[in-house]
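One structure is given below, encoded as structure tokens.
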DNA sequence: CTCCAATTGAGAAGGTTTTTCAATTACCCG
DNA sequence: CGGGTAATTGAAAAACCTTCTCAATTGGAG
Ligand SMILES: [Zn+2]
Ligand SMILES: [Zn+2]
Ligand SMILES: [Zn+2]
Ligand SMILES: [Zn+2]
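Residue numbers (the numbering used here), protein chains in the order written: chain A, 5 to 153; chain B, 5 to 153.
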């Protein structure tokens, strides 16, 4: 068992959760993988350790581990569920947490940052996906009240 | 009909696609909305213009318009479909386009950039989501051949 | 070991997205 | 302005994906 796996298991126990076969399997699959794994891939891996493990349990395990911030969701640039009109050129969206009002902004200035990441990782960076979350002016003004439509 | 709507319609025609009721409805809904709309919301809007418009057509329309880069998907921070082990603290992922190998990196230095966006938009920015896409060292080396597992 | 709450699997229910195919529609042409 | 025609569509069904419910199982404290 690798170090990271042990750490995560200890964390689980520290929060009062049981260490079960399914949780072990999911954590092992993720600590052993160099890429993000989908719920289905995790299920397949888990079943190699114990074919009785059900898909439902993987969903529950992933939810728990995400909630404890022991694993993180990684957005893979598809399966998005909202759409907005595209302005010409390269833009990003800033979405209001309360009312979901979105603004598009351009002039993204990530050049230096990206160069540094490329140097550190050895990757050639071909694209980026940046989205910001915040509170829009109207919702800040409205404060405690209901979200503005 | 607003300007942006007309532009998008012209673009559609320019690419040799027909301008149909359903496409008009989707484009009008999006140009008229201050926030990203889901497929279902688009369907509801479209049906207000013509109750005969089916959900399937909305799917097809959204796919087409996205492909033409006339609209853009906006990731709303849920419904992600891959997971990765979390390192402590705030990190981001850089995913290889070819083999999906992912690396995590920290030290994200967006402070100044975020301040500027906040000034320009009036939003108070509470969170960000940044993911990078690239080609990993192994896949660069392998070049034309099959993706590395 | 024993016991008990936490956890699980199975199955069904509820959603979402894709496929198929005949009917309809937008638009080119005369 | 009408036809002719290929693109587009709606409906229904199939294929998926995610959540719920509940009885059976299991991990770990004592
Ligand atoms: Zn708001
Ligand atoms: Zn950018
Ligand atoms: Zn690669
Ligand atoms: Zn960051």
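All C-beta atoms in this analysis are idealised placements derived from N, C-alpha and C, irrespective of residue type, glycine included.
Just to check, is the beta-carbon of residue 129 of chain A closer than 7 Å to a non-hydrogen atom of ligand 3?
Here residue 129 of chain A corresponds to residue number 125 of the first chain, with the count starting at 1. Flag unset: Cβ of residue 129 of chain A not near ligand 3.
Bridge partners of residue 36 of chain A, per DSSP?
The residue given as residue 36 of chain A occupies position 32 in the first chain. Residue 36 of chain A pairs with nothing; no bridge assigned.
Under a Cβ-count criterion, where at least 16 other Cβ atoms within 10 Å of its own Cβ denotes burial, should residue 10 of chain A be classed as buried or exposed?
Here residue 10 of chain A refers to the residue found at position 6 of the first chain. Residue 10 of chain A comes out exposed.
Do you know offhand how far residue 71 of chain A's Cα is from residue 17 of chain B's?
Looking up residue 71 of chain A in the first chain gives position 67. Looking up residue 17 of chain B in the second chain gives position 13. Whole-angstrom Cα-Cα distance: 47 Å.
Any residues whose CB sits closer than 5 Å to a heavy atom of ligand 3? List them in chain order?
Each of B/100, B/102, B/103, B/105, B/140 and B/143 has a C-beta closer than 5 Å to some heavy atom of ligand 3; these make up the full list, in chain order.
Between residue 96 of chain A and residue 69 of chain A, is the Cβ-Cβ spacing less than 8 Å?
Start at 1 with the first residue of the first chain, and residue 96 of chain A comes out as number 92. Start at 1 with the first residue of the first chain, and residue 69 of chain A comes out as number 65. The Cβ-Cβ distance between residue 96 of chain A and residue 69 of chain A does not fall below 8 Å.
Would you check if there are 3 or more beta carbon pairs closer than 8 Å linking the segment 112-123 of chain B to the segment 54-61 of chain A?
no
CA-CA distance, residue 87 of chain A and residue 74 of chain B?
Taking the first chain and counting its residues from 1, the one referred to as residue 87 of chain A is at position 83. Taking the second chain and counting its residues from 1, the one referred to as residue 74 of chain B is at position 70. Looking at the two C-alpha atoms, the distance is approximately 10 Å.
Please identify the residue among A/56, A/43, A/100 and A/49 whose C-alpha is closest to the C-alpha of residue 64 of chain A.
Numbered from 1 along the first chain, position 60 holds the residue referred to as residue 64 of chain A. Nearest option by C-alpha distance: A/43.
Where do the N-terminal and C-terminal ends of the beta strand (DSSP E) with residue 106 of chain B fall, by residue?
By one-based count along the second chain, residue 106 of chain B stands at place 102. Element bounds for residue 106 of chain B: 106-109.
Of all the CB atoms in chain B, is at least one closer than 8 Å to the CB of residue 100 of chain A?
Working through the first chain from its first residue, we reach residue 100 of chain A at position 96. Answer yes: the Cβ-Cβ gap between residue 100 of chain A and chain B drops below 8 Å somewhere.
From residue 49 of chain B to residue 129 of chain A, what distance separates their C-alpha atoms?
Within the second chain, the letter at position 45 stands for residue 49 of chain B. Within the first chain, the letter at position 125 stands for residue 129 of chain A. If you take the alpha carbons of residue 49 of chain B and residue 129 of chain A, they lie about 39 Å apart.
When you compare each of B/99, B/123 and B/6 to residue 122 of chain A by their alpha carbons, which one comes out closest?
Position 118 of the first chain, counted from the start, is the residue given in the question as residue 122 of chain A. If we check each option's Cα against that of residue 122 of chain A, B/99 comes out closest.
How is the beta strand (DSSP E) around residue 115 of chain B delimited, first residue to last?
Taking the second chain and counting its residues from 1, one reaches residue 115 of chain B at position 111. Element bounds for residue 115 of chain B: not the beta strand (DSSP E) but the alpha helix (DSSP H), 115-125.
Per DSSP, residue 29 of chain B is paired with what?
Counting from one through the second chain, the residue named residue 29 of chain B turns up at place 25. In the DSSP output, where bridge partners are listed per residue, residue 29 of chain B has none listed.
Roughly how many whole angstroms lie between the Cα atoms of residue 109 of chain A and residue 33 of chain B?
Translated into positions along the first chain, residue 109 of chain A becomes position 105. Translated into positions along the second chain, residue 33 of chain B becomes position 29. Whole-angstrom Cα-Cα distance: 20 Å.
Using a beta-carbon distance below 8 Å, is residue 144 of chain B in contact with chain A?
In the second chain, the residue the question calls residue 144 of chain B occupies position 140. So, interface residue.
Leaving out five residues before and five after residue 105 of chain B in sequence, what residues of the same chain have Cβ atoms less than 7 Å from its Cβ?
Position 101 of the second chain, counted from the start, is the residue given in the question as residue 105 of chain B. Result list for residue 105 of chain B: 140, in chain order.
What three-state label does DSSP hand residue 8 of chain B in the structure shown?
In the second chain, counting from the first residue as 1, residue 8 of chain B sits at position 4. If DSSP states are grouped into helix, strand and coil, residue 8 of chain B belongs with the helices.
Could one say the Cβ of residue 126 of chain A lies closer than 8 Å to chain B's Cβ atoms, at least one of them?
The residue labelled residue 126 of chain A in the question sits at position 122 within the first chain. True, the Cβ-Cβ gap to chain B drops below 8 Å.
Buried or exposed: which applies to residue 3 of chain B, given that a residue is buried once 16 or more other Cβ atoms fall within 10 Å of its Cβ?
There is simply no residue 3 of chain B to check, as chain B begins at 5 and stops at 153 in what is shown.
In this structure, does DSSP put residue 95 of chain B in helix, strand or coil?
Translated into the one-based positions of the second chain, residue 95 of chain B becomes position 91. In the structure shown, residue 95 of chain B sits in coil (DSSP, three-state: anything other than H, G, I, E or B).
Using only CA atoms, which one of A/124, A/102 and A/132 lies nearest to residue 39 of chain B?
Within the second chain, numbered from 1, the residue matching residue 39 of chain B stands at position 35. When each option's Cα is compared against that of residue 39 of chain B, the closest is A/102.
Using a Cβ-Cβ cutoff of less than 7 Å, which residues in the same chain neighbour residue 19 of chain B once the five nearest sequence positions on both sides are dropped?
If you number the second chain from 1, residue 19 of chain B lands on position 15. Around residue 19 of chain B: 72.
Who are the near neighbours of residue 35 of chain B in its chain, counting only those whose CB is closer than 8 Å to its CB and skipping five residues on each side?
The residue you call residue 35 of chain B lines up with position 31 of the second chain. Result list for residue 35 of chain B: 6, 8, 9 and 12, in chain order.
Our contact map puts residue 125 of chain A next to residue 107 of chain B with C-beta atoms below 8 Å; I'd like the distance itself, whole angstroms only.
Taking the first residue of the first chain as position 1, residue 125 of chain A is located at position 121. Taking the first residue of the second chain as position 1, residue 107 of chain B is located at position 103. Right, the Cβ-Cβ distance comes to about 5 Å (below 8 Å), so this counts as a contact.
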